[in-house]
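Worksheet: the structure to be examined is printed underneath.
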Amino acid sequence: MLQHVIGVFTEPKKEWEAVRDTQCSLIECYVKHILLLAAIPPVCAFIGATKVGWTIGDKTFHLTAASTLPMAIGFYLFSLLAIYIVGRSIHWMASTFEAEVSIEKSVLIATQIVTPLFLSGVIALIPIPWLIMLVGMTAMGYTVYQMYIGIPIVLNIEPEKGFILASGVLTVGLVTMVGIIATTVILWGMGLGPQYA
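Heads up: the sequence shown runs through residues 10 to 206, numbered per my numbering.
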């Protein structure tokens with residue numbers, strides 16, 4: 010796993026070739042690649058919000074563990090679902106470009122794409138809004154870069170077709186993210202939001 014994570018940043022094209030050659034079942038993909046990576050942001054956010062506290066201006070706010078734990082678990086489960094949704098969309102759209110790809114490989118592609126976002130979740134240990142925004146935007150940019158270079162490599166399609174397919178995947182990813190945010194707002198409106206310690 011560590012070698013895979015380092016490869017995402019040091020040799021992304023070589024790492025995408027490794028993804029192309031990787032074979033795993035859907036359960037193996039989740040166990041070996043997704044479960045640990047997806048846990049980084051919620052675990053770090055939980056620790057940051059409850060132990061370190063959010064710093065806004067000259068004030069620091071701590072959240073209760075009881076109100077933060079369900080949000081962290083929900084975020085984790087939504088992340089696992091989002092990877093499957095994006096993987097399913099890659100699987101569905103690939104046939105349009107005459108690319109043969111299994112659902113397992115599609116989920117693996119989705120995991121590789123979002124790895125920088127998951128890793129950027131470490132910054133939630135230091136819950137300073139502007140810093141989280143800066144790191145998050147940088148990770149988002151690198152995620153998009155990963156997607157545009159990786160999809161043509163794994164699917165063995167021309168870069169032009171890969172660009173169009175990656176743009177479709179980006180759209181699905183953004184819609185999924187908006188859906189998660191909307192669900193969060195609804196749940197907070199129902200009284201399941203954070204509480205200050």
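Backbone N, C-alpha and C define an ideal beta-carbon position, used for all residues, glycine too.
Hey, phenylalanine 84 and proline 50: beta-carbon distance below 8 Å or not?
As a working mapping, residue 84 is identified with position 75 in the sequence shown. As a working mapping, residue 50 is identified with position 41 in the sequence shown. Inclusion of phenylalanine 84 and proline 50 in the CB contact set at 8 Å is warranted, their separation being smaller than that value.
Please identify the residue among Ile15, Glu24 and His13 whose C-alpha is closest to the C-alpha of isoleucine 158.
Counting from one through the sequence shown, the residue named residue 158 turns up at place 149. When each option's Cα is compared against that of isoleucine 158, the closest is Glu24.
Which same chain residues, not among the five before or five after alanine 48, have their C-beta less than 8 Å away from its C-beta?
The sequence position of residue 48 within the sequence shown is 39, counting from 1. Taking alanine 48 as the centre and dropping the five residues before and after it, the same chain places the C-beta of Tyr85 closer than 8 Å to its C-beta, in chain order.
Report back the beta-carbon spacing between glutamine 121 and glutamine 155 to the nearest angstrom; my notes put them in contact at under 8 Å.
Locating residue 121 in the sequence shown gives position 112, where the first residue counts as 1. Locating residue 155 in the sequence shown gives position 146, where the first residue counts as 1. Yes, glutamine 121 and glutamine 155 are in contact; Cβ-Cβ is about 7 Å, under 8 Å.
Three CB pairs or more closer than 8 Å across the stretch 173-186 and the stretch 95-102:
Counting Cβ pairs under 8 Å, three or more are found: they touch.
Answer yes or no: the CB of tryptophan 197 versus the heavy atoms of the ligand PLP, is any distance below 7 Å?
With respect to the ligand PLP, the structure offers nothing, as it holds no ligand at all.
Within the continuous beta strand (DSSP E) that includes phenylalanine 70, where are the two ends?
Counted from its first residue, the sequence shown places residue 70 at position 61. Going by DSSP, phenylalanine 70 is part of the beta strand (DSSP E) stretching over 68-70.
Own chain residues within Cβ distance below 7 Å of isoleucine 56, not counting five before or after:
Residue 56 sits at position 47 when you count from the first residue of the sequence shown. Closer than 7 Å at Cβ, skipping near neighbours: Leu134.
If you compare alpha carbons, which of Val194, Val14 and Val178 is closest to isoleucine 92?
Counting from 1 along the sequence shown, the entry for residue 92 is found at position 83. Considering only alpha carbons, the answer is Val178.
Do threonine 69 and glycine 62 count as a contact pair if the criterion is CB distance below 8 Å?
Position 53 of the sequence shown, counting from 1, holds the residue named residue 62. Position 60 of the sequence shown, counting from 1, holds the residue named residue 69. Taking C-beta atoms as the reference points, glycine 62 and threonine 69 count as a pair closer than 8 Å.
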